[in-house]
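Enquirer: Below you'll find the structure I mean.
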Amino acid sequence: QKHADRLNQIAEEEGEAFLQRYGGKISSEWMIPKVMQIAEEAPHIYEAADRIIEAADWIVYQLCGSLKRSNCTAGYKAMWSEKAGYPSDNFFEKLNPSMKTITKDKLSGSIHSVGEKAGSLTEKMAKL
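First residue of the sequence shown? That's 4 in the numbering used here, and the numbers climb one at a time after it.
Laid out in structure tokens, this is it:
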């Protein structure tokens, strides 16, 4: 919970508008507080991670072989919005200096609407 509390405090201090989309609080169960914890407690794992992916997006990635993030999980769990995108690099840097470029380095991948075709099953998945 301490990572979510710190995120909420920084967002409030900085006047981040995104916080109001979530009722004024980000939950410790959402992506960014979990990433903060990894970056703080296991920086070698954070640095080694090529991407950070929500479970729902990972399943689609495995099934179709292409990373297409859902606007639902990006919006709900990673503080993204279609209008504003992710919070700024400056905000992420305040959470943890190693997270400054997280949106480019670890959250890359196109974001698509729920219900939009993500692709077709890979041959491997079709055979399961």
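Where a beta carbon is used, it is the ideal one built from N, C-alpha and C, also for glycine. Since the structure is predicted, the reported quantities are computational estimates derived from the model, not experimental observations.
1) Please list the terminal residues of the continuous beta strand (DSSP E) segment that includes K71.
2) Run the CB neighbour count on H6, radius 10 Å, all protein chains shown included, and call it buried at 16 or more, exposed below.
3) For the stretch 51-110, list the alpha helix (DSSP H) runs that are entirely contained and at least 4 residues long, ordered along the chain.
4) Whether or not the stretch 34-47 and the stretch 91-101 are in contact is what I'm after, with contact meaning three or more pairs of Cβ atoms, one per stretch, closer than 8 Å; do they touch?
5) Where I8 and M128 are concerned, what is the direct C-alpha to C-alpha distance, given to the nearest angstrom?
6) Taking all protein chains shown into account, do 16 or more other C-beta atoms lie within 10 angstroms of the C-beta of I48, making it buried, or fewer, making it exposed?
7) Which residue's Cα is closest to the Cα of Q23: E57, F95, A58, S84?
8) Within this structure, are the beta carbons of K71 and H115 separated by less than 7 Å?
9) Could you tell me if the beta carbon of Y49 falls within a distance shorter than 6 Å of some heavy atom in the ligand SAH?
Expert: Looking at the atomic coordinates:
1) Taking the sequence shown and counting its residues from 1, one reaches residue 71 at position 68. It spans 71-73 - the beta strand (DSSP E) in which K71 sits, taken as one unbroken run.
2) Residue 6 sits at position 3 when you count from the first residue of the sequence shown. Burial call: buried.
3) 58-67, 74-80, 92-98, 105-108
4) yes
5) Residue 8 sits at position 5 when you count from the first residue of the sequence shown. Residue 128 sits at position 125 when you count from the first residue of the sequence shown. One detail in the question is off: residue 8 reads as Asp in this sequence, not Ile. Rounded to the nearest angstrom, the two C-alpha atoms are 40 Å apart.
6) On the sequence shown, residue 48 is found 45 positions in, with the first residue counted as 1. It counts as exposed.
7) By 1-based counting over the sequence shown, the position of residue 23 is 20. Ranking E57, F95, A58, S84 by Cα distance to Q23 puts S84 first.
8) Position 68 of the sequence shown, counted from the first residue, corresponds to residue 71. Position 112 of the sequence shown, counted from the first residue, corresponds to residue 115. Result yes, Cβ atoms of K71 and H115 sit closer than 7 Å.
9) Inclusion of the ligand SAH in the displayed structure is not the case, the ligand content being empty and no account of it being possible.
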